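Take a look at the structure set out below.
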Amino acid sequence: MLSKLTISLILTGVMIMGCSKEESLIRNYAPIEQVRAQIDKLVPVEIGYDKTLLSGNEQQALYLLVKAAQLMDSIFLEQVYSKNNLLLKELRTGENPDYAVLQEYFTICFGPFDRLEQDRPFINLKEGKPAGANFYPADLRKAEFQNWLKANPADEASFTSNFTVIRREDRKLAAVPYSQVYREKLMSAADLLRQAAILIDNPSLKKYLLSRADAFLTNDYFNSDMDWMDLTNHSIEIVIGPYEVYEDALFNYKASFEAFITLVDPVESTKLRIVGQYLDQMENNLPIPARYRNTRRGSASPIVVVQQVFTAGDTKAGIQTTAFNLPNDEKVREAKGSKKVMLKNVAQAKFQKCWIPIVHEVIAPEDLPSITFDAYFNHVLMHEMSHGLGPGFIIKNGRETSVNMELKETYSTIEEAKADILGVYNTQFLIDKGVLPDLLEWQTYSAFLGGIFRSVRFGITSAHGGANTLSFNYIQERGGFEYVKESGQYRVNREKIKPAITELARELLLIEATGDYNAAVQLIEKYRNLSLEMQNALKRLENVPVDIRPLYTIERELNQ
Numbered sequence: 020m021l022s023k024l025t026i027s028l029i030l031t032g033v034m035i036m037g038c039s040k041e042e043s044l045i046r047n048y049a050p051i052e053q054v055r056a057q058i059d060k061l062v063p064v065e066i067g068y069d070k071t072l073l074s075g076n077e078q079q080a081l082y083l084l085v086k087a088a089q090l091m092d093s094i095f096l097e098q099v100y101s102k103n104n105l106l107l108k109e110l111r112t113g114e115n116p117d118y119a120v121l122q123e124y125f126t127i128c129f130g131p132f133d134r135l136e137q138d139r140p141f142i143n144l145k146e147g148k149p150a151g152a153n154f155y156p157a158d159l160r161k162a163e164f165q166n167w168l169k170a171n172p173a174d175e176a177s178f179t180s181n182f183t184v185i186r187r188e189d190r191k192l193a194a195v196p197y198s199q200v201y202r203e204k205l206m207s208a209a210d211l212l213r214q215a216a217i218l219i220d221n222p223s224l225k226k227y228l229l230s231r232a233d234a235f236l237t238n239d240y241f242n243s244d245m246d247w248m249d250l251t252n253h254s255i256e257i258v259i260g261p262y263e264v265y266e267d268a269l270f271n272y273k274a275s276f277e278a279f280i281t282l283v284d285p286v287e288s289t290k291l292r293i294v295g296q297y298l299d300q301m302e303n304n305l306p307i308p309a310r311y312r313n314t315r316r317g318s319a320s321p322i323v324v325v326q327q328v329f330t331a332g333d334t335k336a337g338i339q340t341t342a343f344n345l346p347n348d349e350k351v352r353e354a355k356g357s358k359k360v361m362l363k364n365v366a367q368a369k370f371q372k373c374w375i376p377i378v379h380e381v382i383a384p385e386d387l388p389s390i391t392f393d394a395y396f397n398h399v400l401m402h403e404m405s406h407g408l409g410p411g412f413i414i415k416n417g418r419e420t421s422v423n424m425e426l427k428e429t430y431s432t433i434e435e436a437k438a439d440i441l442g443v444y445n446t447q448f449l450i451d452k453g454v455l456p457d458l459l460e461w462q463t464y465s466a467f468l469g470g471i472f473r474s475v476r477f478g479i480t481s482a483h484g485g486a487n488t489l490s491f492n493y494i495q496e497r498g499g500f501e502y503v504k505e506s507g508q509y510r511v512n513r514e515k516i517k518p519a520i521t522e523l524a525r526e527l528l529l530i531e532a533t534g535d536y537n538a539a540v541q542l543i544e545k546y547r548n549l550s551l552e553m554q555n556a557l558k559r560l561e562n563v564p565v566d567i568r569p570l571y572t573i574e575r576e577l578n579q
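For the sequence shown, our numbering assigns the number 20 to the initial residue and increments by one for each residue that follows.
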């Protein structure tokens, strides 16, 4: 424990090693034992890979791709917070013995904001994270941005683009393309992708690497997203570039850089690909009027099961993902659909290290036999497939727009809730069709309930945590989930769960189909909260790891 004197020195801004406040960007920080406790919530897991799946040239290409991905780490660090690079430099060079621990957690969180505690600062405790991260001026408010567009309608496309940064220039707002803002790093990344392409024999992967290299410099990602959708017969599955908009809490407009470098698991991919053949039927089965169903998106929906080799940028920060569904560009989805990539080795690690300990604490004994890895992994699959279902482009007030543009900052929470609920809804549909086995039915509902507690631990202001809290409270209100007062645990009500799922699916889909921002706000305000019973259940999980912390074998190989 820190002494009272040490804590006092920290909180008054006088550094332990004698640096004055004026000399240091780091003025104070959370008690170091608290920071260490946060790090300990993430259990280290070695993530290796099977070199026998690769030729000699592919192995060398893989190393080049990891180096390109490491540049995505650097860009994302800059996107998160304008002071990140300066803070990291001080943590690396300062003589304060606490800085090693602070740097470790800073690296995990990609900044001084605790991603396990709703982005609360653990360095410079009174400096909160700007809602717009470093995509906008730190003091920009929504009204200023919106008023600018009203006065300058010609700027709307560039200002709302996923691939521009908003800056002030001579008291005026300006949209600056990513290709300019991050030019030096993107040029280096493009060069590495081109070097890797030379070593790759697979023509579709070679084409993607080259077109993505071009996109880094032109700021036009459409063609390379289309090329990524066309990857076939490839051993290395890679996606790299700006995709998810979660970091932009101001509008959900700006995309963060990330990378997934993986190896295709051909056996598992073949087994699951059959599910993709039912996408049109699942779309037509959605519980909304036919006029709102999305028949315009491409019918292709490749499903790939992979073993993760390395990740970078947005996807590495804090909590690790077990699957992703890309691209997010509605024009690409309309033309070709979307690809679902399942990270099986990550899912297995999470299930063993985090999931099993959680469910034994909060799920009633009668539901525990239904908790299986197959049900868990299947829901992850169906969640990602369901992102590609439902409204995308919509008509609102006589004009064509998109769901994310209309729902603004509520979009991520509503969309994640939709994918979660449709993941369950569509699993039931496939069971009823005889595509999936009957034994998966109640396993799915119990697995979904158990997964909620894992996600809510990340904080209800995160997109996934907020979505799960919303879904849980909505379903419990309708009796689909029951609280067992005697044990403080939860169980599934088998009579009420299905209608509750259908009702919530309908409400979320209609919000998206109509672009109803106010309805989204009201739904989130009503249901995104933690009851006393839920809080007590979460307290029982204090000693259970929140998530895994990957240690990548290939990164260690590169550092040797």
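All C-beta atoms in this analysis are idealised placements derived from N, C-alpha and C, irrespective of residue type, glycine included.
Quick caveat: nothing in here was measured; it's all calculated off a predicted structure.
One alpha carbon belongs to Ser357, the other to Glu52, and they sit about 44 Å apart.
Listed in chain order, the alpha helix (DSSP H) runs fully inside the region 257-341 are 285-292, 298-303, counting runs of at least 4 residues. By the Cβ-count criterion, Lys545 is exposed, with fewer than 16 other Cβ atoms from all chains shown falling within 10 Å of its own Cβ. Ile94 and Lys86 have their C-alpha atoms roughly 13 Å apart. In the structure shown, Ala152 falls within a coil segment according to DSSP collapsed to helix, strand and coil.
With distances taken between CA atoms, Tyr430 lies nearest to Leu528 out of Pro518, Leu528, Leu449. Within the DSSP secondary-structure output, Asn344 pairs in a beta bridge with Lys359.
With fewer than three CB-CB distances shorter than 8 Å, the region 199-213 does not count as touching the region 73-81.
Looking from the CA of Thr533, the closest CA among Lys225, Tyr297, Ile307, Asp246 belongs to Ile307. In this structure, Gly442 lies near His402, with their beta-carbon atoms less than 7 Å apart. Asn344 and Gly407 do touch by the CB rule: their CB atoms are close to 6 Å apart, below 8 Å. Spanning the alpha carbons of Glu42 and Asn115 requires a straight line of approximately 13 Å.
The shortest CA-to-CA distance from Phe412 to any of Val475, Pro172, Ala354 is the one to Ala354. Exclusion of the five residues before and after Phe467 leaves His398, Asp439, Gly442, Val443 as the residues of its chain whose Cβ lies within less than 8 Å of its Cβ. The residue among Pro456, Tyr509, Lys504, Asn562 with its C-alpha nearest the C-alpha of Gly469 is Tyr509. Between Ser490 and Ala436, the gap from beta carbon to beta carbon is short of 7 Å.
At least 7 Å separates the beta-carbon of Asn512 from that of Glu522. Taking a C-beta distance under 7 Å as the contact criterion, Glu256 and Val283 qualify as a contact pair. Annotation: the continuous alpha helix (DSSP H) that includes Val99 extends over 75-99. Within the region 124-183, the complete alpha helix (DSSP H) runs of at least 4 residues fall at 161-170, 175-178. Under the three-state reduction of DSSP output, Gln508 falls in the strand class. Tyr311 has its alpha-carbon roughly 29 Å from the corresponding atom of Asp246. Taken atom to atom, the span from the alpha-carbon of Tyr201 to that of Tyr155 is near 15 Å. Less than 7 Å separates the beta-carbon of Ala152 from that of Glu266. Taking a cut-off of 8 Å for Cβ pairs, the region 235-245 and the region 53-66 do not touch, as fewer than three such pairs fall below it. Given a length threshold of 3 residues, each whole run of the beta strand (DSSP E) inside the region 416-459 is given here in chain order: 418-421.
Of the candidates Lys290, Tyr493, Ala556, Gly507, the residue whose Cα lies closest to the Cα of Arg525 is Tyr493. Taken in chain order, the complete alpha helix (DSSP H) segments of 4 residues or longer contained in the region 43-67 are 51-59.
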